[in-house]
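Residues 148 to 446 (the working numbering) are what the sequence shown spells out, left to right. The structure appears below as structure tokens.
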Amino acid sequence: MAVEVAAGIVASSLALLSDAAHMLTDAAALALSLLAARLAGRPAHGSLTYGLGRVEILSAQANGLTLLVLTALILYGAVTRLVSPPQVHGTLVLVVALVGIVVNLFAARLLGGHGHGHAYEPPDAHRQADGPGHGHEPRSLNVEGSYRHVLTDLYGFIATALAAVVILATGFTRADALASLLIAALMLYAAYGLLRDSARVFLEAAPAGLDPEQIGRVLAQQPGVIQVHDLHVWEVTSGFPALSAHVVVRAGDDCHERRRMLQRMLEERFHLRHTTLQVDHEAAPQAPLQIEVAARERR
């Protein structure tokens, strides 16, 4: 990173300096991600009944906000250089960009291959059984944020290398500023994704891929179920979806057996491991109340 900063200054390349700034935030983001993952793994205690699982979501939001700030700074510098472009040394820019591509390809492969298996494990994770629909691992929004950082770096280096080729071939030095604009656009896209996903967790929206209306319809179609209401689906942290609902079943049915059956179905079909179901019998019809009025005795 220090080499890239020095090369960016010597070559007068905003694209290289932009990549260097982004790599600095990458390093900070990775350190924050490791700390958040460590805290999230601590067991629940006291008033923290879910533990520190949402620390990962705070880390993801910090990553997104950092990307937004960097995007604004790069946009300002790129517009300034479009108006008054400096002389850029294309050869040095190309060499550094190619090295950056190799390094970030390696980092992206590491995070992409292992990043989705380190999501927060809920206290009842042992309930996850081997059955249909259990072929995927929960994703970690925290690790995904770091992965997006690395991917943005990779695309930025590719854009920088292409800009260097254009400068060497044509002498069009504004290509460096245009590459910086592309890097800023990629960073903005990554920041938007992180902030959107982390905000959905904080707002307790239904996780992506889970439709509460569909879940409600499926529950209502199960044997013995009369009515489903007060249904809520949310995400405690990335990879930890939860559901609660009030279910009314036929009079005479075993409420506990129905609850266990519904929980198995929710786990196998929708991968919902943390479910709270209140199961009650439907109200029994009451016979009309007979009221007899005694006749007044005649005097």
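All residues carry an ideal CB built from backbone N, CA and C; glycine is no exception. The structure presented is a predicted model; accordingly, all values stated were derived computationally and were not measured.
Would you kindly work out how many angstroms separate the C-alpha atoms of residue i and residue j, rounded to a whole number?
{"i": "residue 402", "j": "residue 415", "result": "20 Å"}
{"i": "residue 334", "j": "residue 419", "result": "33 Å"}
{"i": "residue 166", "j": "residue 365", "result": "49 Å"}
{"i": "residue 328", "j": "residue 207", "result": "24 Å"}
{"i": "residue 318", "j": "residue 299", "result": "26 Å"}
{"i": "residue 369", "j": "residue 388", "result": "21 Å"}
{"i": "residue 427", "j": "residue 376", "result": "12 Å"}
{"i": "residue 267", "j": "residue 339", "result": "With a pLDDT of only 47 at residue 267, under the threshold of 50, the placement of this residue in the model should not be trusted, and no figure is reported."}
{"i": "residue 345", "j": "residue 195", "result": "20 Å"}
{"i": "residue 331", "j": "residue 179", "result": "22 Å"}
{"i": "residue 275", "j": "residue 417", "result": "Note that residue 275 scores a pLDDT of 39, beneath 50, so its modelled location is shaky and nothing firm can be said."}
{"i": "residue 221", "j": "residue 188", "result": "36 Å"}
{"i": "residue 255", "j": "residue 162", "result": "20 Å"}
{"i": "residue 197", "j": "residue 164", "result": "42 Å"}
Check whether the Cβ atoms of residue i and residue j lie closer than 8 Å to each other.
{"i": "residue 400", "j": "residue 371", "result": "yes"}
{"i": "residue 390", "j": "residue 413", "result": "yes"}
{"i": "residue 349", "j": "residue 204", "result": "yes"}
{"i": "residue 361", "j": "residue 393", "result": "no"}
{"i": "residue 235", "j": "residue 160", "result": "yes"}
{"i": "residue 154", "j": "residue 239", "result": "yes"}
{"i": "residue 181", "j": "residue 337", "result": "no"}
{"i": "residue 217", "j": "residue 199", "result": "no"}
{"i": "residue 395", "j": "residue 351", "result": "no"}
{"i": "residue 382", "j": "residue 359", "result": "no"}
{"i": "residue 301", "j": "residue 252", "result": "yes"}
Return the Cβ separation of residue i and residue j in integer angstroms, given the expectation that the two are a contact with Cβ distance under 8 Å.
{"i": "residue 320", "j": "residue 314", "result": "6 Å"}
{"i": "residue 237", "j": "residue 324", "result": "Between residue 324 and residue 237 the Cβ distance is about 14 Å, and since that is not below 8 Å, they are no contact."}
{"i": "residue 175", "j": "residue 202", "result": "About 16 Å; that fails the 8 Å criterion."}
{"i": "residue 295", "j": "residue 342", "result": "With 8 Å as the limit, residue 295 and residue 342 do not qualify as a contact, their Cβ atoms being about 11 Å apart."}
{"i": "residue 447", "j": "residue 373", "result": "Only positions 148 to 446 of the chain appear in this structure, which leaves residue 447 out of reach."}
To which residues does DSSP link residue i through a beta bridge?
{"i": "residue 368", "result": "Paired residue(s): none; residue 368 is not in a bridge."}
{"i": "residue 382", "result": "388"}
{"i": "residue 425", "result": "393"}
Is residue i a contact residue of the ligand GDP, with contact defined as CB to any heavy atom under 7 Å?
{"i": "residue 198", "result": "The ligand GDP is absent from the structure shown, which contains no ligand whatsoever."}
- Query: Can you find at least 3 beta carbon pairs, one from the segment 237-249 and one from the segment 209-220, that sit closer than 8 Å?
  - Reply: no
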